[in-house]
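Step one of this worksheet: look at the structure below.
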Amino acid sequence: MHLRRFSITDFRSWPEAELELDPGVTVLVGSNGAGKTNLVEGVGYLASLGSHRVASDAPLVRRGAAKAVVRGEVIHHGRQLAVELEINSSGSNRARVNRSPVSRPREVLGILRSVLFAPEDLALVRGDPGERRRFLDDLLVARYPRYEGVRSDYDRVLKQRSALLKSARGLRGGPRSRPSAASTSDEPDDVATLEVWDGHLARHGAALLAGRRELVVALAPHAREAFAGIAPTSDEIGLDYRSSIGTDGVADLPSEPAELEELLLRRLAEVRRQEIERGVCLVGPHRDELELALGEGPAKGYASHGESWAFALALRLASYRLLRADDVEPVLVLDDVFAELDAKRRRALAGLVGEAEQVLVTAAVAEDVPTELDGVRFQVGDGEVRRAYTDAPADDEPDDQPDDQPDDGPDDEEPDHELPDHAAAGHDGATTTWGQACG
Numbered sequence: 001m002h003l004r005r006f007s008i009t010d011f012r013s014w015p016e017a018e019l020e021l022d023p024g025v026t027v028l029v030g031s032n033g034a035g036k037t038n039l040v041e042g043v044g045y046l047a048s049l050g051s052h053r054v055a056s057d058a059p060l061v062r063r064g065a066a067k068a069v070v071r072g073e074v075i076h077h078g079r080q081l082a083v084e085l086e087i088n089s090s091g092s093n094r095a096r097v098n099r100s101p102v103s104r105p106r107e108v109l110g111i112l113r114s115v116l117f118a119p120e121d122l123a124l125v126r127g128d129p130g131e132r133r134r135f136l137d138d139l140l141v142a143r144y145p146r147y148e149g150v151r152s153d154y155d156r157v158l159k160q161r162s163a164l165l166k167s168a169r170g171l172r173g174g175p176r177s178r179p180s181a182a183s184t185s186d187e188p189d190d191v192a193t194l195e196v197w198d199g200h201l202a203r204h205g206a207a208l209l210a211g212r213r214e215l216v217v218a219l220a221p222h223a224r225e226a227f228a229g230i231a232p233t234s235d236e237i238g239l240d241y242r243s244s245i246g247t248d249g250v251a252d253l254p255s256e257p258a259e260l261e262e263l264l265l266r267r268l269a270e271v272r273r274q275e276i277e278r279g280v281c282l283v284g285p286h287r288d289e290l291e292l293a294l295g296e297g298p299a300k301g302y303a304s305h306g307e308s309w310a311f312a313l314a315l316r317l318a319s320y321r322l323l324r325a326d327d328v329e330p331v332l333v334l335d336d337v338f339a340e341l342d343a344k345r346r347r348a349l350a351g352l353v354g355e356a357e358q359v360l361v362t363a364a365v366a367e368d369v370p371t372e373l374d375g376v377r378f379q380v381g382d383g384e385v386r387r388a389y390t391d392a393p394a395d396d397e398p399d400d401q402p403d404d405q406p407d408d409g410p411d412d413e414e415p416d417h418e419l420p421d422h423a424a425a426g427h428d429g430a431t432t433t434w435g436q437a438c439g
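Here it is in structure tokens:
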């Protein structure tokens, strides 16, 4: 899988930018603030419908613009799809595939898959549990796009149930207040309503929990192998999953959603009084933790800065290898990560990612990029992206082909392509040119 063309309009700092890309390594070089990260952030958004830098879409629309547009032409197993995402500053976002509107933007998930390495990844190791939960869920959606609906349903139910708990807490006057006659009479209604939402939370939570469990089991060996390659002299790392339903790690967690749903319902009943007293939901995937260990201790407290970086990179590399094992070759994006690594770890990382079909690298200093990742270079600056031709022939150098010989035709002539099976339905089965897709 690779991106053949990519463009953004009114996205972040860019009024407009377009890149024609090839398989292999592409390096974007430019000073800090030139807009390199904004470009690769757009690539990540095209793949995930989200940003690795902000939680909402609002900052992605350039100041003063009504909307931002991200477009990409994706080639996968010789087939091509043109995807367009419209991010609106007010109102719902929209998406198109081969110029045909889709009913919901999340229907484009899976057309492009990418794994992005960024300085923010240090929070995966040193940040709060929410960072690691988001990492798991984003990878789960990249691997199985249907989980975007599961996550959305769970978040909606959690919001409704949390509002009900706060309301019940208010009626009872807080945790230390003696219940009034009115609050006592309302209690059966509170309990009955909570039980309904308990069922919704348990059902959607069990589906999400089952997906996370399977993901951690599959991810752990890839992460250990990747970390050993980046930091061979450090202790071995470990991954585990601690659930709020009270199980002892991922090995003790049932794999079947029905069993998980039953455990969630039981645990919700046990903590109901505490939840009402505190006005918060205490049980569910939103309270769980992906535990990261270095040797015998938690990575958050025991890992050095360099080891924390290596751990974060290992998690991203493991994500790439897991997707690749599913017969998907994701686009790798390395956003200014080499500046954070010493020379030895730069070379180790370059050796581990060099096998990818397409790698996009950003760097403020060209020399930070290891020679193992030498590839096509673009210079980013002054609001432009320019391809850097380092080996251009001199003007007086003779052409290899005599003038009286016929040209063999353009090298980039487009073959006819079929749509990927998973995306063809509903999009009339017709491929489009880049100009049509962007029109």
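Sequential numbering of the sequence shown, starting at 1, is according to full-length UniProt numbering. Every residue, glycine too, gets a C-beta built ideally from N, C-alpha and C. As the structure is a computational prediction, the values presented were derived from the model and not from experiment.
For this session: Apply the 10 Å Cβ neighbour rule to residue 318 and answer buried if 16 or more other Cβ atoms are within range, or exposed otherwise.
Result: Residue 318 sits at position 318 when you count from the first residue of the sequence shown. Residue 318 comes out buried.
Exercise. Just checking, does the stretch 31-44 make contact with the stretch 329-341 on the three C-beta pairs under 8 Å criterion?
Worked result: yes
Exercise. On the premise that residue 223 lies in contact with residue 349, defined as a C-beta separation below 8 Å, what is that separation, rounded to the nearest angstrom?
Worked result: In the sequence shown, counting from the first residue as 1, residue 349 sits at position 349. In the sequence shown, counting from the first residue as 1, residue 223 sits at position 223. Contact doesn't hold; Cβ gap of about 14 Å is too wide.
Exercise. In or out: residue 7 buried (at least 16 other Cβ within 10 Å) or exposed?
Worked result: Taking the sequence shown and counting its residues from 1, one reaches residue 7 at position 7. The residue is buried, with at least 16 neighbouring Cβ atoms inside 10 Å.
Exercise. Whose CA, out of 46, 267 and 246, lies closest to the CA of residue 107?
Worked result: The residue you call residue 107 lines up with position 107 of the sequence shown. For the residues 46, 267 and 246, the minimum Cα distance to residue 107 belongs to 46.
Problem set entry | Beta-carbon proximity of residue 216 to residue 245, cut-off 8 Å | As a first step, residue 216 must be located in the sequence shown, where it is residue number 216. As a first step, residue 245 must be located in the sequence shown, where it is residue number 245. No, the Cβ-Cβ distance between residue 216 and residue 245 is not below 8 Å.
Exercise. Secondary structure at residue 105, three-state DSSP: helix, strand or coil?
Worked result: One-based indexing of the sequence shown puts residue 105 at position 105. Note: residue 105 maps to helix in three-state DSSP.
For this session: Enumerate in chain order the residues of its own chain whose CB-to-CB distance from residue 16 is below 7 Å, with the five nearest sequence positions on each side excluded.
Result: Working through the sequence shown from its first residue, we reach residue 16 at position 16. Counting only Cβ-Cβ distances below 7 Å, and skipping sequence neighbours, we find 9.
For this session: Below 8 Å on the Cβ atoms is my guess for residue 26 versus residue 271; work out the distance and round it to an integer in Å.
Result: The residue labelled residue 26 in the question sits at position 26 within the sequence shown. The residue labelled residue 271 in the question sits at position 271 within the sequence shown. With a Cβ gap of about 51 Å, residue 26 and residue 271 do not count as contacting.
Exercise. Of the choices 357, 238, 323 and 229, whose alpha-carbon is the least far from that of residue 144?
Worked result: Position 144 of the sequence shown, counted from the start, is the residue given in the question as residue 144. Looking at the Cα atoms, 323 is the closest of the given residues.
For this session: Check the C-beta distance from residue 101 over to residue 357 and give it rounded, since I have them as a contact under 8 Å.
Result: Here residue 101 is taken as the residue at index 101 of the sequence shown, counted from 1. Here residue 357 is taken as the residue at index 357 of the sequence shown, counted from 1. That belief does not hold up - the Cβ atoms of residue 101 and residue 357 are roughly 30 Å apart, past 8 Å.
Exercise. Cβ of residue 86 within 7 Å of any heavy atom in the ligand HEM?
Worked result: Among the components of this structure there are no ligands whatsoever, and the ligand HEM is therefore not found.
Problem set entry | Assigned secondary structure, residue 297 (DSSP; H/G/I helix, E/B strand, else coil) | Reading the sequence shown from its first residue, position 297 is the one you call residue 297. Residue state, collapsed to three classes: strand.
Problem set entry | Whole-angstrom C-beta distance between residue 165 and residue 275, which should lie under 8 Å | Numbered from its first residue, the sequence shown carries residue 275 at position 275. Numbered from its first residue, the sequence shown carries residue 165 at position 165. Indeed, because the Cβ distance is near 5 Å, the residues count as touching under 8 Å.
Exercise. Is it true that the CB of residue 206 sits closer than 8 Å to the CB of residue 260?
Worked result: Position 260 of the sequence shown, counted from the start, is the residue given in the question as residue 260. Position 206 of the sequence shown, counted from the start, is the residue given in the question as residue 206. Yes, the Cβ-Cβ distance between residue 260 and residue 206 is below 8 Å.
For this session: Since I believe residue 150 is in contact with residue 204 (beta carbons under 8 Å), could you give me their beta-carbon distance rounded to a whole number of angstroms?
Result: For the purposes of this step, residue 204 is taken as the residue at position 204 of the sequence shown. For the purposes of this step, residue 150 is taken as the residue at position 150 of the sequence shown. Residue 204 to residue 150, Cβ: 6 Å. Contact.
For this session: Tell me whether residue 320 is buried or exposed, calling it buried when 16 or more other Cβ atoms sit within 10 Å of its Cβ.
Result: Numbered from its first residue, the sequence shown carries residue 320 at position 320. So residue 320 counts as buried.
Exercise. Beta strand (DSSP E) containing residue 15: first to last residue?
Worked result: By one-based count along the sequence shown, residue 15 stands at place 15. Note, residue 15: beta strand (DSSP E), 14-20.
Problem set entry | Burial state of residue 221 (16 or more Cβ within 10 Å) | Taking the first residue of the sequence shown as 1, we reach residue 221 at position 221. Per the 10 Å Cβ criterion, exposed.
Problem set entry | Option nearest residue 372 by Cα separation, candidates 117, 148, 359 and 240 | For the purposes of this step, residue 372 is taken as the residue at position 372 of the sequence shown. For the residues 117, 148, 359 and 240, the minimum Cα distance to residue 372 belongs to 359.
Exercise. Considering only the beta carbon of each residue, do residue 117 and residue 352 sit closer than 8 Å?
Worked result: Working through the sequence shown from its first residue, we reach residue 117 at position 117. Working through the sequence shown from its first residue, we reach residue 352 at position 352. For residue 117 and residue 352, no; Cβs fall outside 8 Å.
For this session: Measure how close the beta-carbons of residue 210 and residue 285 come, nearest whole angstrom, since I'm counting them as under 8 Å.
Result: Indexing the sequence shown from 1 puts residue 210 at position 210. Indexing the sequence shown from 1 puts residue 285 at position 285. That belief does not hold up - the Cβ atoms of residue 210 and residue 285 are roughly 10 Å apart, past 8 Å.
Exercise. Would a C-beta distance cut-off of 8 Å place residue 56 and residue 138 closer than the cut-off?
Worked result: The residue you call residue 56 lines up with position 56 of the sequence shown. The residue you call residue 138 lines up with position 138 of the sequence shown. Against a cut-off of 8 Å, the Cβ pair of residue 138 and residue 56 comes out as no contact.
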